[in-house]
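Enquirer: Take this structure, written in structure tokens, and hold onto it; I'll ask about it next.
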Amino acid sequence: MLRSGDSAAAASSARPAHLPLTSASLAVACALLTVSSAPCVASPLYEVATHLACGDRANVEEALRRLEGAPHARFGVPDESLTGEDPALSSGSYDHLLDALANARQRFPELAAQIDALVVGWDFCALTAEEQRWDLALGEGAPWRIQPATMAPLLGRGFAAWGLLPRRANGRPRFIAEAAAGSATSLPPQCQSTTQVLSTPHGSVPALPAPADRRDLTCEGPPPPPSPPPAPAAAAAGLPARAPAHAARRAPPKVAEARPLRAGPDVASPSTRDGVSTLPGTLTASLSASAAGAVSAGLGVSFAPLRNTFARAGLSWRLATDWDESLDGEPTWSFGLGYDDWRTGTWSLQLNHWGPLRRLPARAALEAAVANLGYKVPLPGKLGKWMSMRADLSSPLSWSPAAGLGFGLKLPAHVFFAIGLSKKLLDDSALSWSYVLGRSQWKPGTLAVVLSNYGPNQVPEPNPRRISISVSWSWKL
Numbered sequence: 029m030l031r032s033g034d035s036a037a038a039a040s041s042a043r044p045a046h047l048p049l050t051s052a053s054l055a056v057a058c059a060l061l062t063v064s065s066a067p068c069v070a071s072p073l074y075e076v077a078t079h080l081a082c083g084d085r086a087n088v089e090e091a092l093r094r095l096e097g098a099p100h101a102r103f104g105v106p107d108e109s110l111t112g113e114d115p116a117l118s119s120g121s122y123d124h125l126l127d128a129l130a131n132a133r134q135r136f137p138e139l140a141a142q143i144d145a146l147v148v149g150w151d152f153c154a155l156t157a158e159e160q161r162w163d164l165a166l167g168e169g170a171p172w173r174i175q176p177a178t179m180a181p182l183l184g185r186g187f188a189a190w191g192l193l194p195r196r197a198n199g200r201p202r203f204i205a206e207a208a209a210g211s212a213t214s215l216p217p218q219c220q221s222t223t224q225v226l227s228t229p230h231g232s233v234p235a236l237p238a239p240a241d242r243r244d245l246t247c248e249g250p251p252p253p254p255s256p257p258p259a260p261a262a263a264a265a266g267l268p269a270r271a272p273a274h275a276a277r278r279a280p281p282k283v284a285e286a287r288p289l290r291a292g293p294d295v296a297s298p299s300t301r302d303g304v305s306t307l308p309g310t311l312t313a314s315l316s317a318s319a320a321g322a323v324s325a326g327l328g329v330s331f332a333p334l335r336n337t338f339a340r341a342g343l344s345w346r347l348a349t350d351w352d353e354s355l356d357g358e359p360t361w362s363f364g365l366g367y368d369d370w371r372t373g374t375w376s377l378q379l380n381h382w383g384p385l386r387r388l389p390a391r392a393a394l395e396a397a398v399a400n401l402g403y404k405v406p407l408p409g410k411l412g413k414w415m416s417m418r419a420d421l422s423s424p425l426s427w428s429p430a431a432g433l434g435f436g437l438k439l440p441a442h443v444f445f446a447i448g449l450s451k452k453l454l455d456d457s458a459l460s461w462s463y464v465l466g467r468s469q470w471k472p473g474t475l476a477v478v479l480s481n482y483g484p485n486q487v488p489e490p491n492p493r494r495i496s497i498s499v500s501w502s503w504k505l
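So the sequence shown is numbered by the numbering used here: it starts at 29 and just counts up by one.
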């Protein structure tokens with residue numbers, strides 16, 4: 029990590045250990061940056077890297093001004109759009125950018141001090157944790173590691189040129205092997221200690237425009253919002269969850285090796301207790317009202333005991349109804365457990381009782397629980413960034429199987445819309461459907477608002493009296 033401090037000393041120690049620039053090496057750098065096989069339109073960050081590596085002095089100065097003015101509070105460095113609003117970051121982009129900055133520094137020595145000060149002011153701890161390059165996503169106020177970046181055209185050359193990664197005797201590019209050994213800046217100790225392993229970011233992490241070595245973050249199919257669905261048609265939707273307050277928020281899924289990184293001065297630190305959480309949990313409070321006049325409050329707790337698993341329980345209290353003025357104050361409850369990998373192309377197996385349960389024998393409560401086997405269908409290309417699809421087979425344990433199919437649409441500003449279809453397999457009942465519209469960031473410490481109708485509704489009847497709205501807030505345990 030490079031942080032601002034004594035500007036003269038920092039700039040001197042942060043100078044890249046590059047070989048003298050030749051026309052051949054510049055041609056290679058420009059070819060890599062202007063490769064036509066990039067998967068989509070170049071991002072603003074990538075355009076800046078191209079100007080730094082291939083442009084004249086005016087282009088380089090303009091590129092530096094854009095980088096200096098770009099926010100970098102989220103990841104410690106500017107994001108790919110240079111707006112500070114992106115939810116993910118590719119380490120491959122910074123491999124190219126750092127290499128281009130080193131080339132620009134050699135081509136225009138009079139700009140070396142400005143370039144050094146720029147790089148020193150960034151925080152690379154998240155990108156270079158544990159001596160690896162990481163693709164990142166934003167989760168709960170801090171960067172989260174998604175996957176190590178091992179395959180890339182530059183193979184870490186840009187990072188190593190500035191001393192941000194250790195040099196290895198085997199497999200390192202010749203360009204770095206011949207560089208001066210003592211001129212690199214090593215990572216300070218605080219960059220190499222990760223003190224917490226917490227639950228991972230959940231929900232959609234859309235892929236962003238990036239250079240040719242970018243690997244998209246396939247995180248389609250976010251988990252349900254604060255309350256899961258009560259019927260196969262709702263579960264088929266793949267995105268939303270039930271609004272009634274008696275249903276608790278299910279545990280957030282976990283991503284392999286996704287961990288919050290200790291943040292620098294410009295990166296918001298996660299608000300969590302010290303130490304390692306062995307059983308990440310979420311507490312959710314909700315308030316819901318239906319078009320029929322029922323109002324209820326709920327409290328739910330969920331845990332993720334193992335990777336991609338969840339166990340939950342919830343309580344609900346009726347506050348008002350349009351058909352029963354004698355409220356006895358006795359809560360109802362619900363429960364659920366199962367395995368659910370949030371990524372596309374994966375299977376899930378769950379057992380849920382969405383309630384309302386009262387003082388029933390354990391056997392009766394269990395027989396009414398619904399088992400669900402689901403599959404998140406991968407969608408091709410850019411379609412998968414904004415849509416999700418789910419197919420499932422579900423049945424209560426008393427046996428009444430139904431097949432379901434759901435489609436979800438991910439909109440800007442954390443808004444989602446989903447439709448679920450369901451058909452019972454052992455009788456002649458009509459095809460039923462459900463629909464949900466809501467806004468949720470899929471993580472603790474945020475407000476979720478969900479408008480839902482889980483039916484049963486015969487296609488194509490909207491059945492507006494079954495519409496309900498819920499507002500919920502969750503806390504991390």
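By construction, the Cβ of each residue, glycine as well, lies at the ideal position given by its N, Cα and C atoms. Everything numeric in this text was worked out from a predicted model, so none of it was measured.
Along the chain, where does the alpha helix (DSSP H) that runs through T78 open and close?
Expert: 72–82
Enquirer: Does DSSP put L182 in a helix, in a strand, or in coil?
Expert: coil
Enquirer: Do N400 and D369 count as a contact pair if the criterion is CB distance below 8 Å?
Expert: Result no, Cβ atoms of D369 and N400 do not sit closer than 8 Å.
Enquirer: When you compare only the Cα positions, how much space is there between I143 and Y122?
Expert: The straight-line gap from Cα to Cα measures roughly 15 Å.
Enquirer: Identify the continuous beta strand (DSSP E) that holds A495 and give its terminal residues.
Expert: Here residue 495 turns out to be Ile, not Ala, going by the sequence shown. Per DSSP, I495 belongs to no beta strand (DSSP E) and is neither H nor E.
Enquirer: In angstroms with no decimal places, state the Cα-to-Cα distance between L164 and W345.
Expert: 41 Å
Enquirer: DSSP on D420, reduced to helix/strand/coil?
Expert: strand
Enquirer: Is L192 closer than 8 Å to L146 when the C-beta atoms are compared?
Expert: no
Enquirer: Using the three-state DSSP reduction, which class does F444 fall into: helix, strand or coil?
Expert: Residue state, collapsed to three classes: strand.
Enquirer: Spell out whether any CB of chain C is found under 8 Å from the CB atom of N87.
Expert: Absent from the structure: chain C. Only one protein chain is present.
Enquirer: Taking 7 Å as the limit between beta carbons, can you name the residues of its chain near L347, skipping five residues before and five after?
Expert: V323, S324, A325
Enquirer: Pull up the distance between the alpha-carbon of V499 and that of P472, whole angstroms please.
Expert: 14 Å
Enquirer: Is the CB-CB distance between E395 and L425 below 8 Å?
Expert: One thing to note: E395 has its Cβ within 8 Å of the Cβ of L425.
Enquirer: Sort S376, P490, P429 by Cα distance to D455 and report the nearest one.
Expert: P429
Enquirer: In the structure shown, what three-state DSSP assignment does L139 receive?
Expert: Helix.
Enquirer: Given a cut-off of 8 Å, decide if W150 and S119 are closer than it, judged by their beta-carbon atoms.
Expert: No, Cβ-Cβ distance for S119 and W150 is not below 8 Å.
Enquirer: Within 10 angstroms of the Cβ of Q378, are there 16 or more other Cβ atoms? Answer buried if so, exposed if not.
Expert: The residue is buried, with at least 16 neighbouring Cβ atoms inside 10 Å.
Enquirer: Is R161 helix, strand or coil by DSSP?
Expert: coil
Enquirer: Tell me which same chain residues have a C-beta within less than 7 Å of the C-beta of S184, skipping the five on either side of it?
Expert: Checking the displayed sequence, the identity of residue 184 turns out to be Gly instead of Ser. Taken in chain order, the residues that qualify are D123, R161, L193.
Enquirer: Please classify D84 as buried or exposed, where buried requires at least 16 neighbouring CB atoms within 10 angstroms.
Expert: exposed
Enquirer: According to the Cβ coordinates, are L129 and L73 closer than 8 Å?
Expert: no
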